[in-house]
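Visitor:
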Amino acid sequence: LFIQYNVLDRAILKLENNFNDILELKQIQLDLKYKMFSIIKDEEEYNSQKHEKPLSMVNTCSDWNNIEQDDFAN
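Quick note on the working numbering: the sequence shown kicks off at 145 and runs consecutively.
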């Protein structure tokens with residue numbers, strides 16, 4: 145996405161006075177920027193949540209990726 149954003153930036157510079165195309169490319173850039181920030185936010189939330197383990201479960205689950213299975217086993 146970052147590469148696409150930079151390519152659009154270069155294309156906008158080359159268009160010079162073609163305002164309609166510039167506006168369209170700027171909108172695409174804004175959409176890409178929104179997607180990038182959304183991905184970063186989702187990744188940060190995921191990373192912060194995957195490290196949160198309920199203290200009562202620390203010794204009962206050996207594999208935190210399969211916590212549901214361990215819950216039923218206990």
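We put the beta carbon where it would ideally sit given N, CA and C, even for glycine.
Please name the residue, chosen from Lys170, Ile184, Asn161, Glu160, that lies closest to glutamine 148 on a Cα-to-Cα basis.
Guide: The shortest C-alpha separation from glutamine 148 is found at Lys170.
Visitor: Quick one: what's got a C-beta closer than 6 Å to isoleucine 156's C-beta in the same chain, skipping five residues either side?
Guide: So the list reads Ile166, Leu169, once near-sequence residues are dropped.
Visitor: Skipping 5 residues on each side, what residues in its chain have a beta carbon closer than 6 Å to that of asparagine 191?
Guide: Answer for asparagine 191: no residue qualifies.
Visitor: For leucine 145 and methionine 180, which I take to be in contact (beta-carbon distance under 8 Å), what is that distance rounded to the nearest angstrom?
Guide: Rounded, the Cβ-Cβ distance is 5 Å, consistent with contact.
Visitor: Could you tell me which of Arg154, Lys185, Lys194 sits nearest to glutamine 173, measuring between CA atoms?
Guide: Out of Arg154, Lys185, Lys194, Arg154 has the C-alpha closest to the C-alpha of glutamine 173.
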